[in-house]
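A short worksheet on the structure shown next.
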Amino acid sequence: MTESASGGFVASLRVVGHVAVHVFKESVRDRILYNLVIFAVLLIAGSYLMGQITAGQDVKIIKDLGLAATSLFGLFIAVFLGIGLVSKEVQRRSIYSLLAKPVTRPQFVLGKYAGLVLTLAVNVAVMIAAHYSVLGVMSWLESPEFRAGWEAPATDPAMLKAFFLIFVQLMLITAVALFFSTVSSAALAAALTIGLYIVGHFNADLRNFETVVDSPAAAALARGFYYVLPNLAPFDVKTAVVHAQPVPWGYIALTTAYGVAYVAALLLASIVVFSRRDFK
Amino acid sequence: MPAIRTEALTKEFPVGFWRKRVHRALDQLTLSVEPGEVFGFLGPNGAGKTTTLKLLLQLIFPTSGVAEILGRPAGSVDVRHRIGYLPETPYFYDNLTAEELLLYFAKLFGYAPADRRRRVDRLLDEVGIGSERRQMLRRFSKGMLQRVGVAQALVNDPEVVFLDEPMSGLDPIGRRQIRELILDLRRQGRTVFFSSHILADAESICSQAGVLVAGRLVSVGRLDEILAVERGWELVVADLSEVAQRAIGSRARRITQIALGRHALEVAPTESDQFVRDCIESGAHVVALNPLHATLEDFFLRAVQDERGNEGASSDDSRATEPPPTS
Ligand SMILES: Nc1ncnc2c1ncn2[C@@H]1O[C@H](COP(=O)(O)OP(=O)(O)OP(=O)(O)O)[C@@H](O)[C@H]1O
Ligand SMILES: [Mg+2]
Numbered sequence: 002m003t004e005s006a007s008g009g010f011v012a013s014l015r016v017v018g019h020v021a022v023h024v025f026k027e028s029v030r031d032r033i034l035y036n037l038v039i040f041a042v043l044l045i046a047g048s049y050l051m052g053q054i055t056a057g058q059d060v061k062i063i064k065d066l067g068l069a070a071t072s073l074f075g076l077f078i079a080v081f082l083g084i085g086l087v088s089k090e091v092q093r094r095s096i097y098s099l100l101a102k103p104v105t106r107p108q109f110v111l112g113k114y115a116g117l118v119l120t121l122a123v124n125v126a127v128m129i130a131a132h133y134s135v136l137g138v139m140s141w142l143e144s145p146e147f148r149a150g151w152e153a154p155a156t157d158p159a160m161l162k163a164f165f166l167i168f169v170q171l172m173l174i175t176a177v178a179l180f181f182s183t184v185s186s187a188a189l190a191a192a193l194t195i196g197l198y199i200v201g202h203f204n205a206d207l208r209n210f211e212t213v214v215d216s217p218a219a220a221a222l223a224r225g226f227y228y229v230l231p232n233l234a235p236f237d238v239k240t241a242v243v244h245a246q247p248v249p250w251g252y253i254a255l256t257t258a259y260g261v262a263y264v265a266a267l268l269l270a271s272i273v274v275f276s277r278r279d280f281k
Numbered sequence: 060m061p062a063i064r065t066e067a068l069t070k071e072f073p074v075g076f077w078r079k080r081v082h083r084a085l086d087q088l089t090l091s092v093e094p095g096e097v098f099g100f101l102g103p104n105g106a107g108k109t110t111t112l113k114l115l116l117q118l119i120f121p122t123s124g125v126a127e128i129l130g131r132p133a134g135s136v137d138v139r140h141r142i143g144y145l146p147e148t149p150y151f152y153d154n155l156t157a158e159e160l161l162l163y164f165a166k167l168f169g170y171a172p173a174d175r176r177r178r179v180d181r182l183l184d185e186v187g188i189g190s191e192r193r194q195m196l197r198r199f200s201k202g203m204l205q206r207v208g209v210a211q212a213l214v215n216d217p218e219v220v221f222l223d224e225p226m227s228g229l230d231p232i233g234r235r236q237i238r239e240l241i242l243d244l245r246r247q248g249r250t251v252f253f254s255s256h257i258l259a260d261a262e263s264i265c266s267q268a269g270v271l272v273a274g275r276l277v278s279v280g281r282l283d284e285i286l287a288v289e290r291g292w293e294l295v296v297a298d299l300s301e302v303a304q305r306a307i308g309s310r311a312r313r314i315t316q317i318a319l320g321r322h323a324l325e326v327a328p329t330e331s332d333q334f335v336r337d338c339i340e341s342g343a344h345v346v347a348l349n350p351l352h353a354t355l356e357d358f359f360l361r362a363v364q365d366e367r368g369n370e371g372a373s374s375d376d377s378r379a380t381e382p383p384p385t386s
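Those sequence lines, one after another, are chains A and B.
If you're matching positions, the first sequence starts at 2 in my numbering and goes up one per residue.
If you're matching positions, the second sequence starts at 60 in my numbering and goes up one per residue.
Here it is in structure tokens:
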């Protein structure tokens, strides 16, 4: 009994895996992805020139730009690719033949998500490689005396912490995009996701809203939003890393746990909505 | 146990800006198809055929009623291992080749790699996709996509196959290939449920037919019974005199001169004896007497006309109803 149940579970995961691999395959062949990745890599490489213009005074600007570019292009990939792949599947009705196969709707949602996260992971890895290459070259070109003036080495491994949190944040955004694309059209889903991304970065301000307004109702509403909307500010440790301030592991663990919990809730909501939906 | 069974299956779509009114696309469909039957599901545009198929595949959920396939609720995963589905005007992924698409679908059924290859190669051959199978699907024409659609519906050797307009968009060769494919399925004892507007094709492949009009199943029958209905006789006579032509010809349903001195008379089923006698008495020679059988087209047109005649002008009002008040 338990054996067949666990066998069923493994088989079920395998189907999720097949869907995920398919998403990955489809997305690496998508022109949008290439454009975005090439653009991001160019931007990171170009940041070296920027560093030159500002008199080579600091490596910080390059670090900052590389991290910001990864975060921004990751967002674009999550939104345009993520939403494109899911709503296109519904709108163009390729989902009809897929759901006639032994794929349940929860498996479909989880497989899409896993495939998108896999795509993101590969892209973020490419951007990290570009980032470290640029910094490595720069460090090699400068004299040792000059390098001694930097707060942290150019290829500071601590930056990986910032990249990691950016990745967790992108996982969250992807889950948001997936959720919106299960309930609305592609364009609306993209707008809502980007809106939520922006709101998410100012979320902490909502908490202090009551000190700004008098109305208790407005304050309560703001507080409600504060708890429901994702809080994205904690995922941004760029400034700390660039200025060689420590980012404790405990902080990373806690922020990751928050991200993972939020992703789980969004996936659950997506599955619930998607499982009842009529495909027109 | 029937292969397909529905009971009072009903689907209403909300319509209008506020989605307050509902449109009943399928109205209490009760139908049962035994294993091994090839069921032709006919009906005018907008009758609810695609809606029925989508309900059977659980791509949409019924407002009320039951749909079962192979004795299990439609849409359950174990049922989906045993069925195939060709959607109406199928569309797949732009960035996959035909071969990759089929291999992906075969993988979802859990077949081993060598088995997948074998199935996919055989099916693409059968539907007439040659070297194009290595091209991206975005470059496929409508008819080529339709062929890929039929192939993917059969990738698991399904016991029950649902085909929504399998012939649509195909050239004459493609139509023939698909017809042969369905006849093969019929010979293998599989159940096929297909919708079609091409009645000549449907007539040559189905064993049963049903006509859906405005969401209601108005007529069902076995094809041999439908075609056995005698529409009358065609009497071919030679040397029919002018006088007899006028006297006898005016009583026939139709009289046509088919050659010099030769006429074909179409007469009602019960009157053939009298006509033969009269012709001989008038000095003419009877050359042939052929039974005229009904076609699927007659069956279809009669069912649609009867239904529309009964309905009258108020039909649309009765189908769009306000939802019951919620308290
Ligand atoms: N998603 C939907 N929302 C509202 N009405 C719908 C929806 N889908 C179908 N309908 C309506 O239901 C009715 C049946 O449509 P359906 O597509 O099942 O017809 P059909 O028999 O397949 O027609 P065709 O021969 O043209 O393919 C039509 O009146 C259609 O307008
Ligand atoms: Mg249709």
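Glycine included, C-beta positions come from ideal geometry on N, C-alpha and C.
Indicate whether at least one CB of chain B lies closer than 7 Å to the CB of residue 88 of chain A. Judged by the 7 Å Cβ criterion, residue 88 of chain A is not in contact with chain B.
Is any heavy atom in ligand 1 found nearer than 6 Å to the beta carbon of residue 21 of chain A? No, the Cβ of residue 21 of chain A stays beyond 6 Å of every heavy atom of ligand 1.
Should residue 372 of chain B be labelled buried (16 or more other beta-carbon atoms within 10 Å of its own) or exposed? Because residue 372 of chain B carries a pLDDT of 44, less than 50, the predicted location of this residue cannot be relied on, and no value is offered for it.
What are the boundary residues of the alpha helix (DSSP H) that includes residue 320 of chain B? In this chain, residue 320 of chain B is not harboured by any alpha helix (DSSP H), its DSSP state being neither H nor E.
Which one of A/201, A/106 and A/64 has the shortest CA to CA distance from residue 245 of chain A? With distances taken between Cα atoms, residue 245 of chain A lies closest to A/64.
Please tell me whether, using a cut-off of 6 Å, the distance from the CB of residue 201 of chain B to the nearest non-hydrogen atom of ligand 2 is below it. Distances between the C-beta of residue 201 of chain B and the heavy atoms of ligand 2 are all 6 Å or more.
Can you tell me whether residue 225 of chain A is buried or exposed? The criterion is at least 16 other CB atoms within 10 Å of its CB, across all chains shown. Exposed: under 16 other Cβ atoms inside 10 Å.
Using beta carbons (cut-off 7 Å, strictly below), is residue 241 of chain B in contact with chain A? The Cβ of residue 241 of chain B sits no closer than 7 Å to any Cβ of chain A.
In chain order, what residues of the same chain have a beta carbon less than 8 Å from the beta carbon of residue 121 of chain A, not counting five sequence neighbours either side? Within the same chain, Cβ atoms closer than 8 Å to the Cβ of residue 121 of chain A are found at 75, 78, 79, 168, 171, 172 and 175, the five residues on either side in sequence being excluded.
When you check each C-beta in the stretch 164–175 of chain B against every C-beta of chain A, which residues fall closer than 8 Å? Those residues of the stretch 164–175 of chain B that come within reach of chain A (Cβ to Cβ, closer than 8 Å) are 164, 166, 167, 168 and 169.
For residue 147 of chain B, tell me which candidate among B/124, B/136, B/116 and B/121 has the shortest Cα-Cα distance. It is B/116 whose Cα lies nearest to the Cα of residue 147 of chain B.
Just checking: is the beta-carbon of residue 104 of chain B within a distance shorter than 7 Å of some beta-carbon in chain A? Answer no: the Cβ-Cβ gap between residue 104 of chain B and chain A never drops below 7 Å.
Less than 8 Å between C-beta atoms, sequence neighbours within five positions excluded: which residues of the same chain meet that for residue 218 of chain B? Only 62, 94, 129, 141, 142, 249 and 250 meet the Cβ criterion.
Enumerate in chain order the residues of its own chain whose CB-to-CB distance from residue 20 of chain A is below 7 Å, with the five nearest sequence positions on each side excluded. Excluding positions up to five away in sequence, the list reads 104, 108, 109, 112, 113 and 116.
Under 7 Å from any heavy atom of ligand 2, by CB: list those residues in chain order, please. Going along the chain, the residues that qualify are B/108, B/109, B/147, B/223, B/224 and B/254.
Under 8 Å: do the stretch 150–169 of chain B and the stretch 105–124 of chain B share three or more Cβ pairs, one atom per stretch? Contact fails: fewer than three Cβ-Cβ distances are below 8 Å.
Cβ-heavy atom distance between residue 362 of chain B and ligand 1 below 6 Å? Answer for residue 362 of chain B: no, Cβ out of range of ligand 1.
Could you check whether residue 183 of chain B and residue 213 of chain B sit closer than 7 Å to each other, using their CB atoms as the reference points? No, these two residues do not count as a Cβ contact at 7 Å.
According to the neighbour-count rule (16 or more other Cβ atoms, all chains shown, within 10 Å of its Cβ), is residue 382 of chain B buried or exposed? With a pLDDT of 47 at residue 382 of chain B, under the threshold of 50, the modelled position of this residue cannot be trusted, and the question is left open.
Taking 7 Å as the cut-off, decide whether the C-beta atoms of residue 366 of chain B and residue 258 of chain B are in contact. Judged by their CB atoms, residue 366 of chain B and residue 258 of chain B are not nearer to each other than the 7 Å cut-off.
If we define contact as Cβ-Cβ less than 7 Å, is residue 207 of chain B a contact residue for chain A? Not a single C-beta of chain A is nearer than 7 Å to the C-beta of residue 207 of chain B.
Residue 292 of chain B - containing beta strand (DSSP E), residue span: Residues 289–297.
At a CB-CB cut-off below 7 Å, which residues of chain A make contact with residue 118 of chain B? The contacting residues are 97, 100 and 280.
Give every residue of the same chain whose Cβ lies closer than 8 Å to the Cβ of residue 188 of chain B, excluding the five residues on either side of it in the sequence, and list them in chain order. Closer than 8 Å at the Cβ level, and outside the excluded window around residue 188 of chain B, lie 157, 203, 206, 207 and 210.
Does the beta-carbon of residue 159 of chain A, which I'm using as the reference point, lie nearer than 6 Å to any heavy atom of ligand 1? Not so, every heavy atom of ligand 1 lies at least 6 Å from the Cβ.
Return the Cβ separation of residue 237 of chain B and residue 244 of chain B in integer angstroms, given the expectation that the two are a contact with Cβ distance under 8 Å. Between residue 237 of chain B and residue 244 of chain B a beta carbon distance of about 11 Å is seen, past the 8 Å cut, so the two are scored as non-contacting.
Per DSSP, residue 195 of chain B forms a beta bridge with which residues? Here residue 195 of chain B is bridged, per DSSP, to B/156.
I need the straight-line Cα distance from residue 133 of chain A to residue 68 of chain A, nearest angstrom please. Near 11 Å, if we compare the C-alpha coordinates of residue 68 of chain A and residue 133 of chain A.
Where do the ends of the alpha helix (DSSP H) carrying residue 79 of chain B lie? In the DSSP assignment, residue 79 of chain B falls outside any alpha helix (DSSP H) and carries neither an H nor an E.
Touch test, the stretch 201–208 of chain A against the stretch 226–246 of chain A, Cβ-Cβ under 8 Å, three pairs minimum: Output reads yes: the stretch 226–246 of chain A touches the stretch 201–208 of chain A.
Smallest Cα separation from residue 256 of chain A: which of A/228, A/238, A/87 and A/185? Closest by alpha carbon: A/238.
According to DSSP, simplified to helix, strand and coil, what is residue 126 of chain B? Annotated three-state conformation of residue 126 of chain B is strand, per DSSP.
So what does DSSP say about residue 228 of chain A, is it helix, strand or coil? Residue 228 of chain A falls in the helix class under three-state DSSP.
Go ahead and label residue 350 of chain B buried or exposed: buried means 16 or more other beta carbons lie within 10 angstroms of its beta carbon, across all protein chains shown. Exposed, since its Cβ has fewer than 16 Cβ neighbours within 10 Å.
Take the Cβ of residue 352 of chain B as the centre, count every other Cβ of all protein chains shown within 10 Å, and call the residue buried at 16 or more, exposed below. Counting every other CB atom within 10 Å of its CB across the protein chains shown gives residue 352 of chain B a total below 16, marking it as exposed.
For chain B, find out if any of its Cβ atoms is closer than 7 Å to the Cβ of residue 120 of chain A; answer yes or no. Closer than 7 Å: no.
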